[in-house]
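Single-structure report; data block below.
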Amino acid sequence: MHSYSATFKDLREGIQGAKVSFHIAKGDIQARYRRSVLGPFWQSLATAVGVVGLGLLWSQLLNIDREKFIPTLTAGLIIWQMLAGVLIESCGLFVRQASIIRNVVMPLSVHPMSIVIRYVVNFAHSLIVFVIVAVFMKIEVNWNTLLFIPGLLLVMANMLWLSFAFGVMGARYRDLEYGVASIMPMLFLISPVMYRLENLPFSSMILEFNPFTYLIEVLRAPMLGHVPSLTTYVVLVVGAVVGWIVAFWFLHKAKLRLPFWI
Numbered sequence: 001m002h003s004y005s006a007t008f009k010d011l012r013e014g015i016q017g018a019k020v021s022f023h024i025a026k027g028d029i030q031a032r033y034r035r036s037v038l039g040p041f042w043q044s045l046a047t048a049v050g051v052v053g054l055g056l057l058w059s060q061l062l063n064i065d066r067e068k069f070i071p072t073l074t075a076g077l078i079i080w081q082m083l084a085g086v087l088i089e090s091c092g093l094f095v096r097q098a099s100i101i102r103n104v105v106m107p108l109s110v111h112p113m114s115i116v117i118r119y120v121v122n123f124a125h126s127l128i129v130f131v132i133v134a135v136f137m138k139i140e141v142n143w144n145t146l147l148f149i150p151g152l153l154l155v156m157a158n159m160l161w162l163s164f165a166f167g168v169m170g171a172r173y174r175d176l177e178y179g180v181a182s183i184m185p186m187l188f189l190i191s192p193v194m195y196r197l198e199n200l201p202f203s204s205m206i207l208e209f210n211p212f213t214y215l216i217e218v219l220r221a222p223m224l225g226h227v228p229s230l231t232t233y234v235v236l237v238v239g240a241v242v243g244w245i246v247a248f249w250f251l252h253k254a255k256l257r258l259p260f261w262i
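Residue numbers (full-length UniProt numbering): 1 to 262.
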């Protein structure tokens, strides 16, 4: 019982100390782009280049109206960058923070939170590209757009437990990071990054059972002025509840062993 109390305490202190996670994320961003003129906006520029290239090419190949395809692609791409980045980097999270974990008394939950915060900040920078596309393509802004906020909270809740779980597994099994990175290109292709599920001329069971479908759609639908389906919200809420139970179990089992694994 005591160990479970300690795990609850770690999570509680991590949430209460969100400011620490924010400062760690801020420090990581500053260190990565130190002496860079554009800083994190380099990612925005890379996204813009990708949108132009993929948008012009695939709209021709798929014979889709550019005014519909490019906004869908832009939103899907910047959301995918956030999701994929969190998953890949979380696998080596605790290993990279080994010196801090061994020498500084700090809740373990601070580290996954810092990764999620950093990628949400990067996502915010990339949103500039979508805003520009939305203006040029005359995307309607309506009350549905406000659903972006609860959608982002749901995505963050799911990214946090995934970061916990992948971080613990990655500390125990070092090959996990390379494995996850290697399957991401395939997941990109079987996830609705460049299209919306309802726009497909066929029903795909793979997409319906793909969790990325719902993580992408809960954000992209409001960005395009639409309402996400009820199924999307149900899947993400249930996923967050079950996922946090799994993450709590992982943290409980690994809390004392983690310093030896890293």
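Backbone N, C-alpha and C define an ideal beta-carbon position, used for all residues, glycine too.
Residue 208 places its beta carbon 8 Å or farther from that of residue 232. Under the three-state reduction of DSSP, residue 209 is assigned to coil, being neither helix nor strand. Just so you know, the alpha carbons of residue 119 and residue 82 end up roughly 6 Å apart.
In this structure, residue 106 lies away from residue 115, with their beta-carbon atoms at least 8 Å apart.
Measuring C-alpha to C-alpha distances from residue 126 to each of 143, 74 and 175 identifies 74 as the nearest. With 16 or more neighbouring CB atoms inside 10 Å of its own CB, residue 240 falls in the buried class. A check of alpha carbon separations from residue 246 across 109, 164 and 136 identifies 164 as the nearest. Counting only residues of its own chain and dropping the five nearest sequence neighbours on each side, residue 146 has a CB closer than 8 Å to the CB of 222. By the neighbour-count criterion, in which 16 or more other beta carbons inside 10 Å mark a residue as buried, residue 90 falls on the buried side. Taking C-beta atoms as the reference points, residue 215 and residue 158 count as a pair closer than 8 Å.
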